[in-house]
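> Quick note: the sequence shown, position 136, residue 136 per my numbering, numbers continuous.
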Amino acid sequence: MPRPELRLVLAVSLDGRLAPPVGGAAQIGGRGDRVVLEEALAWADACLIGGRTLRLHGCTCLLHTPPLLEQRRRQGRPEQPAAVVVSRLGRFDPALRFFQQPLQRWLLMPAATSAPAGFHAALPLPSWPEALAALADQGLERLVLLGGADLAGALLQEQLVDELQLTVCPLLLGGPHSWLPAGVALEPARWQLQEQRLLEGEELLLRYRRLRD
Ligand SMILES: NC(=O)c1ccc[n+]([C@@H]2O[C@H](COP(=O)([O-])OP(=O)(O)OC[C@H]3O[C@@H](n4cnc5c(N)ncnc54)[C@H](OP(=O)(O)O)[C@@H]3O)[C@@H](O)[C@H]2O)c1
């Protein structure tokens with residue numbers, strides 16, 4: 001089954017947390033992380049975002065860097081990657097800023113039929129391989145997975161993540177919010193380092209690619 005290339009993009013603390021102990025709308029990364037996040041957005045046709053992350057933040061990440069916007073225009077692509085919201089409930093407050101953002105909004109949920117108000121399209125999620133193949137059929141071939149941990153865990157568990165792009169931030173946070181939720185059991189897999197870059201603010205980009213058997 002054809003499927004898109006999937007890159008998980010997260011900012012994590014030195015102790016592997018993606019949010020502080022109190023949870024909420026976490027901002028772990030600084031300016032260095034913003035640079036590599038935007039590079040990933042410029043690469044992507046669409047971003048997958050978990051329903052909880054969307055509710056907490058109220059919006060998704062947009063590209064702002066003029067040369068990256070110009071590059072996408074030259075390539076004949078939309079300025080912003082589409083946002084694909086993954087949800088079981090499929091219910092979002094229409095007042096969220098997300099619904100005013102200048103991008104295409106898709107909804108991926110188990111029994112989607114038609115697109116609810118505010119979304120351009122809805123696709124069913126019978127299984128992850130089928131849902132990803134359906135996104136590829138729609139021309140969404142490069143996907144950035146923006147988290148959170150619940151969604152990342154589901155896709156990692158099915159071995160569908162091709163690349164990990166982690167910005168390691170110089171913070172120790174403690175608490176329960178590991179970037180892989182407790183209880184997710186993974187098949188042992190090896191990852192090959194593709195890129196390492198020291199970023200502003202002593203942040204470190206690590207990009208790993210999954211080695212296939
Ligand atoms: N540091 C970072 O880079 C970063 C990035 C992203 C998020 N975060 C933080 O992560 C936290 C949120 O993460 P989280 O793990 O609690 O939640 P999450 O992964 O963002 O969202 C979980 C929700 O996604 C939907 N979902 C997940 N797996 C699904 C599946 N297999 N099928 C259908 N729907 C599925 C469900 O949505 P419904 O509830 O709509 O049914 C579920 O409740 C926040 O603190 C946020 O700030 C940090």
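Even for Gly, the Cβ is constructed at its ideal location relative to N, Cα and C.
Residues in its own chain within less than 6 angstroms of G153 by CB, not counting five upstream and five downstream?
Indexing the sequence shown from 1 puts residue 153 at position 153. Around G153: L180, P181 and V184.
> Quick one: give me the first and last residue of the beta strand (DSSP E) that W191 is part of.
Looking up residue 191 in the sequence shown gives position 191. Looking at the DSSP string, the run of the beta strand (DSSP E) that includes W191 is W191 to L199.
> Does the beta carbon of V12 fall short of 8 angstroms from some heavy atom of ligand 3?
The model on display carries ligand 1 but not ligand 3.
> Where does W179 fall in DSSP's three states?
Locating residue 179 in the sequence shown gives position 179, counting from the first residue. If DSSP states are grouped into helix, strand and coil, W179 belongs with coil.
> In terms of DSSP beta bridges, what is C61 paired with?
Translated into positions along the sequence shown, residue 61 becomes position 61. Paired residues: none, contrary to the question.
> To the nearest angstrom, report how far apart C47 and E38 are at their CA atoms.
One-based indexing of the sequence shown puts residue 47 at position 47. One-based indexing of the sequence shown puts residue 38 at position 38. Each residue's Cα considered, the two are about 12 angstroms apart.
> For S87, which residues in the same chain have their Cβ closer than 6 angstroms to its Cβ, ignoring the five residues on either side in sequence?
Here residue 87 is taken as the residue at index 87 of the sequence shown, counted from 1. Cβ within range, chain order: G51 and M109.
> Mapping the DSSP letters down to three states, classify P124 as helix, strand or coil.
Along the sequence shown, one-based indexing puts residue 124 at 124. Note: P124 maps to strand in three-state DSSP.
> Given 8 angstroms as the limit, tell me if D15 has its C-beta closer than that to any heavy atom belonging to ligand 1.
Taking the first residue of the sequence shown as 1, we reach residue 15 at position 15. Because no heavy atom of ligand 1 lies under 8 angstroms away, the Cβ of D15 does not count as near it: no.
> Count the other C-beta atoms from every protein chain shown that fall within 10 angstroms of the C-beta of A111, then say buried if there are 16 or more, exposed otherwise.
Counting from 1 along the sequence shown, the entry for residue 111 is found at position 111. Its Cβ having fewer than 16 others within 10 Å, A111 is exposed.
> Just how far apart, CA to CA, sit S127 and D150?
Translated into the one-based positions of the sequence shown, residue 127 becomes position 127. Translated into the one-based positions of the sequence shown, residue 150 becomes position 150. Each residue's Cα considered, the two are about 16 angstroms apart.
> Can you tell me which of the three DSSP states A95 falls into?
On the sequence shown, residue 95 is found 95 positions in, with the first residue counted as 1. Residue state, collapsed to three classes: coil.
> Does DSSP put T53 in a helix, in a strand, or in coil?
Here residue 53 refers to the residue found at position 53 of the sequence shown. Here T53 sits in helix by DSSP.
> Using 10 angstroms around the beta-carbon of H177, count the other beta-carbons present and answer buried if the total reaches 16, otherwise exposed.
The residue you call residue 177 lines up with position 177 of the sequence shown. Burial call: buried.
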